[in-house]
Amino acid sequence: MKKIECIIRPNKLDEISDALNLYGIQGMTVTQVMGCGLQKGRREVYRGAVYDIHLLPKIKIEIVVPDGWVDDIIKIIRDKANTGEIGDGKIFVSAIENAVRIRTGEQGNAAI
Amino acid sequence: MKKTFPVILVALLLFFALQPESANAAESAVNTGDTTFILFSSALVMLMTPGLALFYGGMVRKKNVLGTIMQSFIIIAIISVQWVLIGYTLAFGSDNFHLIGSMEWLGFQGVGMAPNPDYAATIPHQAFATFQLMFAIITPALITGAFAERMRFSAFIVFTLLWATFVYDPLAHWVWGVDGWMRNLGTLDFAGGTVVHISSGISGLVAAYFLGKRKGLGSEALVPHNIPMTLMGAGLLWFGWFGFNAGSALTAGSLAASAFIVTNTAAGAGALAWAACEVYRHGKATALGIASGAIAGLVSITPGAGFVGPLSAIVIGLLSGIICFFFVSVIKHKLGYDDSLDAFGIHGVGGTWGALATGLFASQSINPAGADGLFFGNPHLLTAQVISVLATIAFAGLSTFIILKLVKAIFGNIRVSEEDEIIGLDLTQHGEDAYDSSSLESGLAFITHTVPLSSGPI
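Heads up: the protein sequence lines correspond to chains Z and X, in order. For our numbering, count along the first sequence from 1 and bump the result up by 39. For our numbering, count along the second sequence from 1 and bump the result up by 4.
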């Protein structure tokens, strides 16, 4: 099993979750996050005082999938999240030791 | 002693409350139209202080929103009682040395239903006193913008009570009380440019210097947490200002109508000028800027509302937007004081401009009971305006400094501890959390035990 975490632009969430659903992914965890990377922050002005806001709002999607699905999923996410501009986000893949479905006690791939 | 004091207080209040009053003595002199207008205007001015609470509340960080709103609301409560007990008689009681009112109306004794022709000949004396109460409420509330996000609640309460009694009440007497020295000088202040705005603004500046800067100023983004809240508040202020300025005519007639339209005109002009300054400097007009400019325009028209015409109001409002923008966005940062929400930058500066502008634009064609300003051939009014501005700045500034020293001596510190400032006023001063920010789904998850009322504080 692998965990795929991707940080994306907030407006890309619907498109990506629809595409993942179509592929057969049933479950995911979505969080609103703040982050910074290559993309510059933004500038806000309040009564003439200028603030450069370093962190920008992003969405983090976490999904856990069987090993063999990873390449397809990365392809789907990149396909939908890529605008070609700085700030599109990142995908992280890591190994997962086990998964347990709380209701039934099923383990491993059967639990995800 | 501690326990008998409230008993004696209640007994005294009852004693005076049971004195017979001649309620309907001069009903014939009362004009119902004027009375309706003034009672309604009083309600409008009252609404300005909750409006101010929202205006300021939106501009602070979310950990301080209740602390900030609370300051305005508790002032409504404090001054509502203070005014009846002693404030009104200090401000409007018969004159002593041209400086302060006498004690004749202590506890509103003698403030009856018969009109007092010295102030308003066609409405019950109590209606006039009630209208003035609302002004006494909003003035100290304006100051809270200067020390927002860092003052101890207990010290703030004592400061407010002392300030209202020893700064606002005498100043109101100087300008509006019969035989007050500024009134005798010929100073024109229709609705409180000097008494309300300059006095609160300059006191705010002194308080901002006295308390020092907020932690994180210059290194953290101390930005407004809810600008829609601020705009809602600005809308209520604008709306209430019609009671403030038109109501100051004290009669429902042409003067009130004239004050109404110039008030609205100056607000619009102020908003446009502020927005134009923003576009010029930063490329974009902001919602906060429109609200700030409108308030600046309203402040500046306040002293002249009953003496200037609509075209003068456009000039006064436009210049107010420009001058206040310049003070708030340039001068404040150069001088380095932390007037958190620009009580001085908008009320002190806009009020000063408005008082001087009255000396320039006032015209007897608008109000025969007023005077002509410099642009209408009379330089003497401007002199009187300058003297009253300088005297107000000196008196309010110095008195505020003395009161702050005194409060500091009583409480040790008038500023919250550094740790409390980081946590925020809401939790540290009031034990409340505006937006349920620490809970996961249900606040119940964090309750370890509840304490019955009888067992006292935890």
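C-beta atoms are modelled at their ideal positions from N, C-alpha and C, and glycine is treated no differently. In this text, all values refer to a predicted model and were calculated from it rather than measured experimentally.
Task: Per DSSP, cross-strand counterpart(s) of E44 of chain Z - done: E44 of chain Z is bridged to Z:E101 and Z:F131.
- [ ] Measure the alpha-carbon distance for A118 of chain X versus A400 of chain X and round it to whole angstroms.
- [x] So the alpha carbons of these two residues sit roughly 34 Å apart.
Open item on the list: Buried or exposed, going by whether 16 or more other CB atoms sit within 10 Å of the CB of I427 of chain X?
Closed with: It counts as exposed.
TODO: Please confirm if the segment 175-185 of chain X is in contact with the segment 97-104 of chain X, defined as three or more CB-CB distances below 8 Å between the two stretches.
DONE: The segment 175-185 of chain X, when compared against the segment 97-104 of chain X, does touch it at the 8 Å Cβ threshold.
Task: Selection of the segment 73-92 of chain Z by Cβ proximity to chain X, strictly under 9 Å - done: For the segment 73-92 of chain Z, the beta-carbon criterion of a distance under 9 Å to any beta-carbon of chain X is satisfied by R82, E83, V84, Y85, R86, G87, A88, V89, Y90, D91 and I92.
Open item on the list: Spatial neighbours of F380 of chain X within its chain, please: C-beta separation below 6 Å, excluding the five flanking residues on both sides.
Closed with: Hits under 6 Å: S367.
Task: Cβ contact check for the segment 270-289 of chain X and the segment 152-166 of chain X: 3 or more pairs under 8 Å - done: Taking a contact to require three or more Cβ pairs closer than 8 Å, the segment 270-289 of chain X and the segment 152-166 of chain X do not qualify as touching.
- [ ] Using 10 angstroms around the beta-carbon of C45 of chain Z, count the other beta-carbons present and answer buried if the total reaches 16, otherwise exposed.
- [x] Within a 10 Å sphere around the beta-carbon of C45 of chain Z sit 16 or more other beta-carbons, which makes this residue buried.
TODO: On the DSSP bridge assignment, give the partners of Y90 of chain Z in chain order.
DONE: Per DSSP, Z:E83.
- [ ] Could you please give me the residues that DSSP links to V72 of chain Z through a beta bridge?
- [x] In the DSSP assignment, V72 of chain Z is bridged to Z:K97.
- [ ] Can you grab the Cα-Cα spacing for the pair I418 of chain X / K219 of chain X, in whole Å?
- [x] The straight-line gap separating the alpha-carbon atoms of I418 of chain X and K219 of chain X is approximately 15 Å.
Task: Coarse secondary structure for R142 of chain Z, derived from DSSP in three states - done: Three-state result, R142 of chain Z: coil.
- [ ] Entirely within the segment 388-439 of chain X and at least 4 residues each: give me those alpha helix (DSSP H) ranges in chain order.
- [x] Contiguous alpha helix (DSSP H) elements confined to the segment 388-439 of chain X occur at 422-427 and 429-434, taking only those with 4 or more residues.
Task: chain Z within 7 Å of L58 of chain X, Cβ atoms only - done: Not one chain Z Cβ lies under 7 Å of L58 of chain X.
TODO: Pull up the distance between the alpha-carbon of A256 of chain X and that of F139 of chain X, whole angstroms please.
DONE: Taking the straight line from one Cα to the other gives about 19 Å.
Task: Minimum Cβ-Cβ distance from V384 of chain X to chain Z less than 7 Å - done: Checking the displayed sequence, the identity of residue 384 of chain X turns out to be His instead of Val. The beta carbon of H384 of chain X does not come within 7 Å of any beta carbon belonging to chain Z, so the residue lies off that interface.
TODO: Pick out whichever of X:L276, X:D424, X:G251 and X:A125 has its Cα sitting closest to the Cα of C328 of chain X.
DONE: That would be X:L276, whose Cα lies nearest to the Cα of C328 of chain X.
- [ ] At 9 Å on the CB atoms, spell out the chain Z contacts of V334 of chain X, in chain order.
- [x] Within chain Z, the residues G87 have their CB atoms less than 9 Å from the CB of V334 of chain X, given in chain order.
Task: I102 of chain Z, buried or exposed, once every other Cβ within 10 Å from all chains shown has been counted against 16 - done: I102 of chain Z comes out buried.
- [ ] Could you tell me the boundaries of the alpha helix (DSSP H) in which L175 of chain X lies?
- [x] Segment D173 to W180, the alpha helix (DSSP H) holding L175 of chain X.
Task: Cross-strand partners of L221 of chain X (DSSP beta bridge) - done: Looking at the DSSP assignment, L221 of chain X forms a beta bridge with X:E224.
- [ ] Using the Cα positions of I47 of chain Z and Q146 of chain Z, report the straight-line distance between them to the nearest angstrom.
- [x] Distance between the alpha carbons of I47 of chain Z and Q146 of chain Z: 30 Å.
- [ ] Answer with yes or no whether the minimum CB distance from H286 of chain X to chain Z is below 7 Å.
- [x] Answer yes: the Cβ-Cβ gap between H286 of chain X and chain Z drops below 7 Å somewhere.
TODO: Anything in the segment 291-316 of chain X with a Cβ closer than 9 Å to a Cβ of chain Z? List those residues in chain order, please.
DONE: Answer set for the segment 291-316 of chain X: L292, G293 and S296.
Task: Backbone secondary structure at M107 of chain X - three-state DSSP - done: DSSP places M107 of chain X in coil when its eight states are reduced to three.
Open item on the list: Could you pull the DSSP bridge partners for N100 of chain X from this structure?
Closed with: X:I104.
- [ ] Within its chain, find whatever has a CB closer than 7 Å to the CB of A289 of chain X; leave out the 5 residues flanking it on each side and keep chain order.
- [x] Closer than 7 Å at the Cβ level, and outside the excluded window around A289 of chain X, lie A279, E282 and V283.
TODO: Measure the C-alpha to C-alpha separation of L58 of chain X and G237 of chain X and round it to an integer number of angstroms.
DONE: Roughly 5 Å between the two C-alpha positions.
TODO: Compute the beta-carbon to beta-carbon distance between E79 of chain X and A145 of chain X, rounded to the nearest angstrom, for a pair I have assumed lies under 8 Å.
DONE: The displayed chain sequence assigns Ile, not Glu, to residue 79 of chain X. Separation of the CB atoms of I79 of chain X and A145 of chain X is rounded to 5 Å, and the pair is thereby assigned contact status at 8 Å.
- [ ] Report yes if the CB atom of A124 of chain X is closer than 7 Å to the CB atom of L254 of chain X, and no otherwise.
- [x] When the beta-carbon positions are compared, A124 of chain X and L254 of chain X come within less than 7 Å of each other.
Open item on the list: Among the candidates X:K336, X:A211, X:W178 and X:V227, whose CA atom is the shortest distance from the CA of T396 of chain X?
Closed with: Of X:K336, X:A211, X:W178 and X:V227, the residue nearest in Cα terms is X:W178.
TODO: Confirm, please, whether the CB-CB distance from T169 of chain X to Q75 of chain X is below 7 Å.
DONE: The criterion of a C-beta distance shorter than 7 Å is not satisfied by Q75 of chain X and T169 of chain X.
- [ ] Show which residues of chain Z have a CB atom less than 8 Å away from the CB atom of P228 of chain X.
- [x] The contacting residues are Y85.
Open item on the list: Rounded to the nearest angstrom, what separates K42 of chain Z and S56 of chain Z at their Cα positions?
Closed with: Within the model, the alpha-carbon separation for K42 of chain Z versus S56 of chain Z is close to 16 Å.
- [ ] Give the DSSP-derived three-state secondary structure of N120 of chain X in the structure shown.
- [x] Strand, per DSSP.
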